[in-house]
Amino acid sequence: MTMTSRERVEKTLNHTEPDRVAIDLGATNVTGMHVRTVYLLRQALRLDAPGTPVKVIEPVQMLGEIKPDLLEAMGGDVVTVMGAGTTFGFKSEGWKEGSAFDSTPLLVPAGFNTIPEANGDLLMYPEGDRTAAASARMPSGGFYFDSIVRQPPLDESKLRVEDNLEEFAVISDEEAAHFARESERLFKKTSKAVMLNFSGLSLGNIARVPGPALRNPKGIRDIEEWYISLSMRRDFVQRIFERQTEINLASLEKLHQAVGNNAHVIYWTGTDFGAQSGPFVSPKMYRDLFMPFHKQINGWIHQHTPWKTFIHSCGSVWALLEDFIAAGFDILNPVQISAADMDPCKLKERFGDRVVFWGGGVDTQRVLPFGTEDEVRSQVRENLRAFAKGGGYVFNAVHNIQALVPVPNVIAMYKTAQEFSAN
Amino acid sequence: MSIFDELQQAIIDGKAPVAKEVTERALGEGVRPAELFPNAIVPAMNEVGRRMRDCEFFIPEVLIAARAARAATDILRPLLVGDEEVRSAGTVVCGTVKGDLHDIGKNIVAMMLESAGFQIVDLGVDVPPEKVVAAVREHGANVVAMSALLTTTMVNMKAVIDALAAAGLRDQVKVMVGGAPVTESWAQSIGADGYGKDASAAVETARSLVAAA
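These protein sequences, in sequence, are chains A and B.
The numbering used here puts the first sequence at residues 53 to 475.
The numbering used here puts the second sequence at residues 12 to 224.
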């Protein structure tokens, strides 16, 4: 019997095999799609008239909106509540026509105010304020923004924990109301599983360390300096995490009051712990510096809510996965199968009964952007054979589908997943 | 412990102020600047590379060691100019390709190469092919080392190779590539001469490319 999307995901999360593999497209800002690809996909599927713009729902990675018609066409089983704010501190509202990397027609938020440089680079501003110093740059020929590091001179004697906490605050009543409204609407009006995209709680997320939403970032804001600080200023970083965790727990309490049982999963950390060839940090550093806080936050969530906890960490995390599970994470994303030690069969065999793999459906570094449709289909089937058996697997690519990925490959990928049956 | 061992240890331990102090003390004691490379800095960074390969060192430890090495090389480099006995391992023009602003990996590779005795011309990030061509001409580089983190920008590595060919420089310079999405087969498919799986492998690749030239 065919299950509803919600039943399918619930079974999956409980490590029971559903009628077909559960599928995600766009439930988080790490399982979505670049707006250019969304536009071309919508055109290819004839969902829109030519020239119909697509909303940029996440302006750093330039993710496009996955509307219900596209979600349905791709077989998506999960809907999402995204926060009302963006990484640049302006809100996802006041939509206007915009352009960025090429002529793809876009709708961007009112605060999406860029200034082009002579070389074609685009500059982005905190809170959309073009009189402030630019906080991010999209290089000419690039497809998304990277933070501009604005590191004030570092004086060890004047380092203050507060300076690295400026961008963190307990969620506002308005934001809580937004989550309440949206989660209730999605829970009651759809038969899909509901994701809370709440990654602002991440501890030490390098995408946010430079303070892209801040006009005058203070503290440690340089990327290399931050990584160095994990070791050389360990106590200082720990104090930041302590304070941030207090804020996070207060936010979660408010979020829980707002959302209650109208959600299935919370994506709350996107800090990357893996690089291509191994973990970014030693397992010892993870255990000493990050894990106690992860445990605290996951523990609170499990004690007070029915939500499953979702960690996004790129790269090779085999050596950390036992600790992620012990820290209380129920779901691992993006399952970067192209990184070292991330073989699907081995992951499933060793950890498959204790963690849900969410992603890893196709290699986005090689096969999806550069392979043929047949190669995509063949790899998707191979990975599904490894991951899907016995439940505990939600299909998605590895991370967001990028610009320049051939649309026929995207269609082949999702179609193969929809047709796949583990039996 | 010899002064060479002291410097080596300071770099491996990532103690930049100690590395600086030992380097200055060594020079004060009459050690020639060029001696510190083969006897302290190169073996230190070789050890850092080994620890990285064997999962004893991770990104923070490598960055800290690289910073300590830089504390020594910043003092030594100006003193090496004009030293007839100093033989560079080769000149490497490096950078992150056009459209890509990621540079941690590239910076680690540059530091490892520099510590291994290469002259580094670091063009930074978002480097257009014509800038690589100009730098190869100006510095008579032996090797071009290009980095990319993105599938959308790794294709620009081929543009660099094509630009070198169009400028008539392709036969004079070896091209090596690396970065998260880059593989050996990709490197071959775009006509690169070498591939660095990680920073220490990149040093080996650069050495073998220069030796084969």
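Yeah, the Cβ is synthetic: ideal placement off N, Cα and C, and Gly gets one too.
Just so it is clear, the structure is predicted and the values come from calculations on it, not from any experiment.
### Message
Short of 7 angstroms in beta carbon distance, which residues of its chain neighbour Asn165 of chain A, apart from the five on each side in sequence? Order them along the chain.
### Response
Here the question's residue 165 of chain A lines up with position 113 in the first sequence. Counting only Cβ-Cβ distances below 7 angstroms, and skipping sequence neighbours, we find Tyr177, Gly180, Arg182.
### Query
What residues in its chain sit with their C-beta under 7 angstroms from that of Asn268 of chain A, if we drop five residues either side in the sequence?
Position 216 of the first sequence holds residue 268 of chain A. Contacts found: none.
#### Entry: Local Cβ density within 10 Å of Cys366 of chain A, reported as buried at 16 or more and exposed below that
By 1-based counting over the first sequence, the position of residue 366 of chain A is 314. Here Cys366 of chain A is buried, its C-beta having at least 16 other C-beta atoms within 10 Å.
### Task
Give the C-beta separation of Ser368 of chain A and Gln309 of chain A to the nearest angstrom, bearing in mind that I take them to be a contact with Cβ-Cβ under 8 angstroms.
The sequence position of residue 368 of chain A within the first sequence is 316, counting from 1. The sequence position of residue 309 of chain A within the first sequence is 257, counting from 1. Rounded, the Cβ-Cβ distance is 38 angstroms, inconsistent with contact.
### Query
How is Ile86 of chain B classed by DSSP in three states: helix, strand or coil?
To locate residue 86 of chain B, count along the second sequence from 1; it is residue 75. Helix, per DSSP.
### Message
Within the continuous beta strand (DSSP E) that includes His364 of chain A, where are the two ends?
### Response
On the first sequence, residue 364 of chain A is found 312 positions in, with the first residue counted as 1. Run containing His364 of chain A: 360-364, per the beta strand (DSSP E) assignment.
### Message
So that I know if they touch, is there some Cβ in chain A lying closer than 8 angstroms to that of Asp137 of chain B?
### Response
Residue numbering aside, residue 137 of chain B sits at position 126 when the second sequence is read from its first letter. For Asp137 of chain B, the answer is yes, since a Cβ of chain A falls inside 8 angstroms of its Cβ.
### Task
Would you kindly work out how many angstroms separate the C-alpha atoms of Ala440 of chain A and Leu65 of chain A, rounded to a whole number?
Mapped onto the first sequence, residue 440 of chain A falls at position 388. Mapped onto the first sequence, residue 65 of chain A falls at position 13. Within the model, the alpha-carbon separation for Ala440 of chain A versus Leu65 of chain A is close to 12 angstroms.
### Query
Is it true that the CB of Thr102 of chain B sits closer than 8 angstroms to the CB of Ala176 of chain B?
Position 165 of the second sequence, counting from 1, holds the residue named residue 176 of chain B. Position 91 of the second sequence, counting from 1, holds the residue named residue 102 of chain B. Contact flag unset, no.
### Task
Check whether the Cβ atoms of Gln203 of chain A and Asp154 of chain A lie closer than 8 angstroms to each other.
Stepping through the first sequence from its first residue, residue 203 of chain A is reached at position 151. Stepping through the first sequence from its first residue, residue 154 of chain A is reached at position 102. Cβ distance not < 8 angstroms, so Gln203 of chain A and Asp154 of chain A don't count as in contact.
#### Entry: Those runs of the beta strand (DSSP E) which lie wholly inside the region 120-186 of chain A and span at least 3 residues
130-134, 148-150, 158-160, 174-176
### Task
Classify Asn167 of chain B as helix, strand or coil using the three-state DSSP reduction.
Position 156 of the second sequence, counting from 1, holds the residue named residue 167 of chain B. For Asn167 of chain B, the secondary structure class from DSSP, reduced to helix, strand or coil, is helix.
### Query
From Phe129 of chain B to Arg433 of chain A, what does the alpha carbon distance come to, in whole angstroms?
For this step, residue 129 of chain B is matched to residue 118 along the second sequence. For this step, residue 433 of chain A is matched to residue 381 along the first sequence. So the two alpha carbons sit approximately 46 angstroms from each other.
### Residues bridged to Thr102 of chain B [DSSP beta-bridge criterion]
As a working note, residue 102 of chain B is residue 91 in the second sequence. Answer is B:Gln130, bridged to Thr102 of chain B.
#### Entry: Proximal chain A residues relative to Leu112 of chain B, where beta-carbon distance stays under 8 angstroms
Taking the first residue of the second sequence as 1, we reach residue 112 of chain B at position 101. Going along chain A in sequence order, the residues near Leu112 of chain B (Cβ under 8 angstroms) are Arg189, Pro191, Gly194, Asp198.
### Query
Does DSSP put Met11 of chain B in a helix, in a strand, or in coil?
With chain B covering 12 to 224 only, the question about residue 11 of chain B has no answer from this structure.
### Task
Have a look at Arg429 of chain A and Gly189 of chain B and give me their C-alpha separation to the nearest angstrom.
On the first sequence, position 377 is the one that residue 429 of chain A refers to. On the second sequence, position 178 is the one that residue 189 of chain B refers to. C-alpha separation (whole angstroms): 28 angstroms.
### Message
So the candidates are A:Arg88, A:Gly413, A:Ile200; which of them puts its Cα closest to the Cα of Pro458 of chain A?
### Response
Locating residue 458 of chain A in the first sequence gives position 406, where the first residue counts as 1. From the listed residues A:Arg88, A:Gly413, A:Ile200, the smallest Cα separation to Pro458 of chain A is found for A:Arg88.
### Query
Three-state secondary structure (DSSP) at Thr162 of chain B?
Here the question's residue 162 of chain B lines up with position 151 in the second sequence. In this structure, Thr162 of chain B counts as coil in the three-state DSSP scheme.
### Message
Any beta carbon of chain A sitting closer than 8 angstroms to that of Arg225 of chain B?
### Response
Because residue 225 of chain B is not part of the residues shown, which for chain B are 12 to 224, the question remains open.
### Message
Short of 8 angstroms Cβ to Cβ, which residues in the region 306-334 of chain A face chain B?
### Response
Correct list: Ala327, Gln328, Ser329, Gly330, Pro331, Phe332, Val333, Ser334.
### Task
Flag Ile131 of chain B as yes if its beta-carbon sits less than 8 angstroms from any beta-carbon of chain A, otherwise no.
Reading the second sequence from its first residue, position 120 is the one you call residue 131 of chain B. So no, Ile131 of chain B is outside the interface.
### Task
Measure how close the beta-carbons of Ser251 of chain A and Gly322 of chain A come, nearest whole angstrom, since I'm counting them as under 8 angstroms.
Position 199 of the first sequence, counted from the start, is the residue given in the question as residue 251 of chain A. Position 270 of the first sequence, counted from the start, is the residue given in the question as residue 322 of chain A. That pair is a contact at about 4 angstroms.
### Query
What is the DSSP secondary structure of Lys26 of chain B, counted as helix, strand or coil?
Residue mapping note: residue 26 of chain B aligns to position 15 of the second sequence, counting from 1. Lys26 of chain B: coil per DSSP, three-state reduction.
### Query
By how many angstroms is the C-alpha of Val136 of chain B removed from the C-alpha of Asp209 of chain B?
The residue you call residue 209 of chain B lines up with position 198 of the second sequence. The residue you call residue 136 of chain B lines up with position 125 of the second sequence. Cα-Cα distance, rounded: 18 angstroms.
### Task
Verify whether the separation of the beta carbon atoms of Val261 of chain A and His316 of chain A is less than 8 angstroms.
For this step, residue 261 of chain A is matched to residue 209 along the first sequence. For this step, residue 316 of chain A is matched to residue 264 along the first sequence. No, Cβ-Cβ distance for Val261 of chain A and His316 of chain A is not below 8 angstroms.
### Query
In angstroms, rounded to a whole number, what distance separates the CA positions of Ser196 of chain B and His230 of chain A?
For the purposes of this step, residue 196 of chain B is identified with residue 185 of the second sequence, where counting begins at 1. For the purposes of this step, residue 230 of chain A is identified with residue 178 of the first sequence, where counting begins at 1. Going from the Cα of Ser196 of chain B to the Cα of His230 of chain A covers about 49 angstroms.
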